[in-house]
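These notes concern the structure reproduced below.
Residue numbers (our numbering): 3 to 143.
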């Protein structure tokens, strides 16, 4: 599900001070195609970026266990950069081939601001990307 409104894209626990890259490649495999990942994919219309907003029992979600953090900026989904995608296109990508693993390249808000302000591209082949251990759901809850 995607929010089409400009919600708060950070909260009081998020630092916007850039110290070092916080870029993560996170992989999740659902137990069944209908299984939720545990977050909303939100879109900030003014600044034009996609980000994660957890809901419910988020600490047990596939996304959280895979290394995704609340308010992470979503850069790529299954090796496809989604930064210029509309919210509808991102939603469609999340709902296509739901039986396959979901691989997300995400970064912290501070890292996103740093890369955007310097004109550098965020991509999975950067040396600072943390390749996290894939998470496999063992039940459909």
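Yeah, the Cβ is synthetic: ideal placement off N, Cα and C, and Gly gets one too.
query, result
"Neighbourhood of residue 69 by C-beta distance below 7 Å, restricted to the same chain and skipping five residues each side", "26, 28 and 134"
"Closest by C-alpha distance to residue 52, when choosing among 18, 136, 83 and 39", "83"
"N- and C-terminal bounds of the beta strand (DSSP E) containing residue 75", "75-79"
"Any 3 or more C-beta pairs closer than 8 Å across the stretch 44-62 and the stretch 122-131", "no"
"Best match in 77, 137, 38 and 81 for proximity to residue 59 [C-alpha to C-alpha]", "38"
"Rounded Cβ spacing between residue 18 and residue 139 (contact assumed at less than 8 Å)", "That belief does not hold up - the Cβ atoms of residue 18 and residue 139 are roughly 33 Å apart, past 8 Å."
"Burial state of residue 119 (16 or more Cβ within 10 Å)", "exposed"
"Status (buried if at least 16 other CB within 10 Å, exposed otherwise) for residue 141", "exposed"
"Residues that DSSP places opposite residue 138 in a beta bridge", "31"
"Residues of its chain near residue 95, where Cβ-Cβ distance is below 6 Å and the 5 sequence neighbours each way are ignored", "79"
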